[in-house]
Amino acid sequence: MQHEARTWTFGDDISTDLLYPQTAYALPLAEAAKLVFSANRPGWSDLVEPGDIIVGGRNFGMGSSRAAVALLRRLGIGACLAESFSTLYLRNCVNYALPALAAPGVLGLVEEGDRIHVDFSTGAIENRSQGTRLMAPPLPPALLTIIEQGGVIASLEARGLIPAAPTGASAP
Amino acid sequence: MPMTATQQVLARAAQRESVAVGDIVVCDVDRAVLLDMQFNSTAVPWRQPNHVEHPQRLAVVLDHGAPAPSLRDAAGHRLAREFCAAFDVPHLFDIGRHGICHEVIAENGLARPGELLLCSDSHTCAAGAFNTAARGVGGIEMLQVTCTGKTWFVVAPSIEVELTGKLLPYCEGKDLFLALARARGSAENMNLEFTGEGIGSLSLHDRRTIATQCAEVHAEFVLFPADEVVLAYLADRGVHDVQPVESESGAEYAARWTLDLERVEPQVAVPGKIVGNVTDAATLAGTRLDQCFIGSCANGQLEDFALAARVLADRHVASGTRLIVTPASQGVYLEAVRAGYVSAIVEAGGIVTSSTCGACFGYHMGVVGDGEVCLTASTRNFQGRMGAASADVYLASTRTVAASAIAGTIVDPREVADAA
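Chains as they are written, first to last, in this note's numbering: chain U, 1098 to 1269; chain V, 740 to 1159.
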């Protein structure tokens, strides 16, 4: 699995309270997604283009289990890289089929706006804007498979374990 | 190869002889706990499964917005009830029998030694105080566990945390955790296994606060030993035949941390995060406070009520400061009423709410406003966590928060008699 796009960089300890503020809880998905990073980087969600890659620092996605990745997917984010992840957030990336890679040193490789190419199977990250390169530990094949199959919801649907549409009053 | 305690739980749940660091294992989940937020999400609307693999292993707890603060929450509660009825889920903790999931799990003997427990709340490592390998996962992963009974783990390295000595009388599990985070920093991608003679002197209350808070050093699983304190607590709840895990001789640890409890002083985490952000309470003296909060899965236990009531008795919350105290469960609430703790808090000018996760994550019952300053004995001090993005949230022990509520500013709890 590979992906190439431009980058947005963030520092260490980005929490899911910043990714998915509680003020977004009551909103439909499209409106909730607009509030991603509204506390620490107002206006960011208007600038995101489909495919864009987030590059974070250490412990990216720390804190609550909330469905921050669903909001990022809605914004069109194509991949998420970080110096390291909160594993709860990384599990959510895998389960929502957002390609993610923990890549120590990646913030040294990328300046915001650079285009990078990521091969999730090998861990190779290439900065196409600067002509530099970094090797990260690849995503384990078992996790890559979950992402390639479209994540947990698609898998449960395909196996007939959940219905194709939301239940009752929670339907949007 | 000898296994750590965490590895033994994962190996058993995966039906394997052994597991090693880096293995990816698929485990049968012994206990799965679903929350109201599973059923009320607008971002990821609930889909009632066509099949539930092990209904008897499920519990459903209405806790994050309880009682319903909005129509959306009320609709979610209804879907939760319908799900439980459809699949004969044996444990539904509905409004009135409810509490914050980790307290409810503990009070009902659902966290058992040597078992694997999952829940969609990130503080699920709280059950580690009972020698349960427990962690938070996302809502859709809980849906998967509900349908299939299984999920995967990458076996992480473990750190042994050896505790020695005894806490000073004015310090709590919260101070211990903050001191540990201050001294050792992040445990990202690591399990924490607590050992040492210092554990014996810690109350279950303190151990549960510590296990809960280990989410804030980004730990995976957190395990305390199942000593006689744990076994007696479980026996009181009718849980007897348990299979505790302890590290096998020669099991490999990635690191060994030690902490002398006698050296722990009252600690405060300043706004933003925990790791790299902890200081002595005394250094923040004079910081003016709009709101003080005591509650959450970390500090809404009966012992927290006892501590707060003792500090507040015959005193008054400072003018210009509000104190909100939230019990972790209806059970805690009832005992706190019977013991007179609630009246002591209310007589001092504090508010006691019903049980909810509410204020801790800025949802209801104590949302912090623009530019306000809050000192909290709850779980997190992240930007925007308790309400406005411009609010400052400091995090400390129950004693420190209660003493500071009287002063109207952050104080070292030793400044107030009875807090020490």
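Virtual Cβ for every residue (Gly too), placed ideally from N, Cα, C.
Quick caveat, the model's predicted, so the values are computed rather than measured.
I'd like to confirm the pairing. Which residues does DSSP put opposite residue i in its beta bridges?
| i | result |
| --- | --- |
| R755 (chain V) | According to DSSP, which records beta bridges pairwise, R755 (chain V) is partnered with nothing at all. |
| H830 (chain V) | V:A798 |
| L855 (chain V) | V:A872 |
| C1096 (chain V) | None; C1096 (chain V) has no bridge partner. |
| V1085 (chain V) | None; V1085 (chain V) has no bridge partner. |
| D1160 (chain V) | The requested residue 1160 (chain V) is not part of the displayed model; chain V covers only 740 to 1159. |
| N930 (chain V) | V:S897 |
| F1190 (chain U) | The amino acid at residue 1190 (chain U) is misidentified as Phe; the sequence shows Cys. DSSP output for C1190 (chain U) lists no bridge partner at all. |
| G1153 (chain U) | U:A1179 |
| E846 (chain V) | Partner(s): none; E846 (chain V) has no beta bridge. |
| H1100 (chain U) | U:V1215 |
| G1126 (chain V) | V:V1107 |
| A1199 (chain U) | U:A1179 |
| V736 (chain V) | One cannot answer for residue 736 (chain V) here, as it falls past the ends of chain V, which runs 740 to 1159. |
| L902 (chain V) | V:L998 |
If I measure Cβ to Cβ from residue i and keep anything under 7 Å in the same chain, skipping five residues before and after, which residues do I get?
| i | result |
| --- | --- |
| T871 (chain V) | A850, R851, P852, E854 and L856 |
| G1097 (chain V) | T1065, H1103, M1104 and G1105 |
| E880 (chain V) | T890 |
| H957 (chain V) | S925, A926 and E927 |
| A753 (chain V) | V764, V765 and C766 |
| R1124 (chain V) | F1100, G1101 and V1132 |
Does DSSP classify residue i as helix, strand or coil?
| i | result |
| --- | --- |
| H790 (chain V) | coil |
| P1269 (chain U) | Reliability fails at P1269 (chain U), whose pLDDT of 45 lies under 50, so the model's placement of it is uncertain and no value is given. |
| A1176 (chain U) | strand |
| V1166 (chain U) | helix |
| K1012 (chain V) | coil |
| G835 (chain V) | coil |
| L1132 (chain U) | coil |
| T890 (chain V) | strand |
| G912 (chain V) | helix |
| I1250 (chain U) | helix |
| W1141 (chain U) | helix |
| N779 (chain V) | helix |
| E1209 (chain U) | coil |
| I763 (chain V) | strand |
| M740 (chain V) | coil |
| A750 (chain V) | helix |
| S1056 (chain U) | The question about residue 1056 (chain U) has no answer, for chain U in this structure spans 1098 to 1269. |
| I1259 (chain U) | coil |
| V768 (chain V) | coil |
| R680 (chain V) | Any question about residue 680 (chain V) goes unanswered here, given that chain V covers just 740 to 1159. |
| I1149 (chain V) | coil |
| A1221 (chain U) | strand |
| T885 (chain V) | helix |
| T1137 (chain V) | helix |
| R1230 (chain U) | strand |
| L907 (chain V) | coil |
| L1236 (chain U) | coil |
| L1073 (chain V) | helix |
Can you list, in chain order, the residues of its chain whose CB lies under 6 Å from that of residue i, leaving out five sequence neighbours each side?
| i | result |
| --- | --- |
| V900 (chain V) | L931, F933 and W996 |
| S1183 (chain U) | N1156, G1158 and M1159 |
| G1108 (chain U) | G1154 |
| T863 (chain V) | A873, R874 and G875 |
| R811 (chain V) | N779 |
| E1101 (chain U) | H1214 |
| A1266 (chain U) | The predicted model places A1266 (chain U) with a pLDDT of 48, which falls under 50 and marks its position as unreliable; any figure quoted below should be read in that light. Correct list: empty, nothing qualifies. |
Less than 8 Å between C-beta atoms, sequence neighbours within five positions excluded: which residues of the same chain meet that for residue i?
| i | result |
| --- | --- |
| A1268 (chain U) | Residue placement at A1268 (chain U) is poorly supported in this model, since its pLDDT is 44, which falls under 50; the coordinates still yield a value, given next. Correct list, in chain order: A1262. |
| G838 (chain V) | V800, D802, F832, E846, P1066, A1067, S1068, Q1069, G1070, V1071 and S1094 |
| A1167 (chain U) | L1126 and Y1193 |
| E1180 (chain U) | D1109, G1153, G1154, R1155, F1157, A1199, A1200, P1201, G1202, V1203 and L1204 |
Contacting positions in the stretch 892–903 of chain V - beta carbon closer than 8 Å to chain U: Look at the stretch 892–903 of chain V: the residues with a C-beta under 8 Å from a C-beta of chain U are V893 and A895.
Residues, ordered as in the chain, of the stretch 1141–1164 of chain U that lie near chain V by beta-carbon distance below 9 Å: Of all residues in the stretch 1141–1164 of chain U, those with a C-beta nearer than 9 Å to a C-beta of chain V are R1155, N1156, M1159, G1160, S1161, S1162, R1163 and A1164, reading in chain order.
Where the stretch 870–890 of chain V meets chain U: residues whose CB sits under 8 Å from a CB there: Within the stretch 870–890 of chain V, the qualifying residues are R874, G875, V876, G877, G878, I879, E880, L882, Q883, C886 and T887.
Against chain U: residues of the stretch 781–794 of chain V by CB proximity under 8 Å: Residues T781, A782, V783, P784, W785, R786, Q787, P788, N789 and H790.
Chain-ordered residues of the stretch 1095–1114 of chain V with a beta carbon less than 7 Å from chain U: Taking 7 Å as the cut-off between beta carbons, the residues of the stretch 1095–1114 of chain V near chain U are F1100, G1101 and Y1102, in sequence order.
Uninterrupted alpha helix (DSSP H) stretches inside the stretch 1007–1069 of chain V (no shorter than 4 residues): The qualifying runs are 1035–1038 and 1041–1051.
Chain V contacts from the stretch 1114–1127 of chain U (Cβ-Cβ distance under 9 Å): Residues D1114, L1115, Y1117, P1118, Q1119, T1120, A1121, Y1122, A1123, L1124, P1125 and L1126.
Those runs of the beta strand (DSSP E) which lie wholly inside the stretch 917–1004 of chain V and span at least 3 residues: Listed in chain order, they are 930–934 and 994–999.
Positions along the stretch 1173–1191 of chain U whose CB lies within less than 7 Å of some CB in chain V: Those would be S1181, S1183, T1184, L1185, R1188 and N1189, in chain order.
Residues in the stretch 791–822 of chain V having any Cβ partner in chain U nearer than 8 Å: Listed in sequence order: S809, R811, A814, G815, R817, L818 and E821.
Contact list for the stretch 754–785 of chain V against chain U, Cβ threshold 7 Å: Taking 7 Å as the Cβ-Cβ cut-off against chain U, the residues of the stretch 754–785 of chain V that qualify are I763, F778, N779, S780, T781, A782, V783, P784 and W785.
Residues of the stretch 1191–1221 of chain U with Cβ closer than 8 Å to any Cβ of chain V, in chain order: Answer set for the stretch 1191–1221 of chain U: N1192 and Y1193.
Contact residues within the stretch 1239–1260 of chain U, judged by C-beta distance below 9 Å to chain V: Legend: CB atoms of the stretch 1239–1260 of chain U lying less than 9 Å from CB atoms of chain V belong to residues A1239, L1240, I1243, G1248, V1249, I1250, S1252, L1253, E1254, R1256, G1257, L1258, I1259 and P1260.
Residues, ordered as in the chain, of the stretch 931–964 of chain V that lie near chain U by beta-carbon distance below 7 Å: Listed by position along the chain: H957 and E959.
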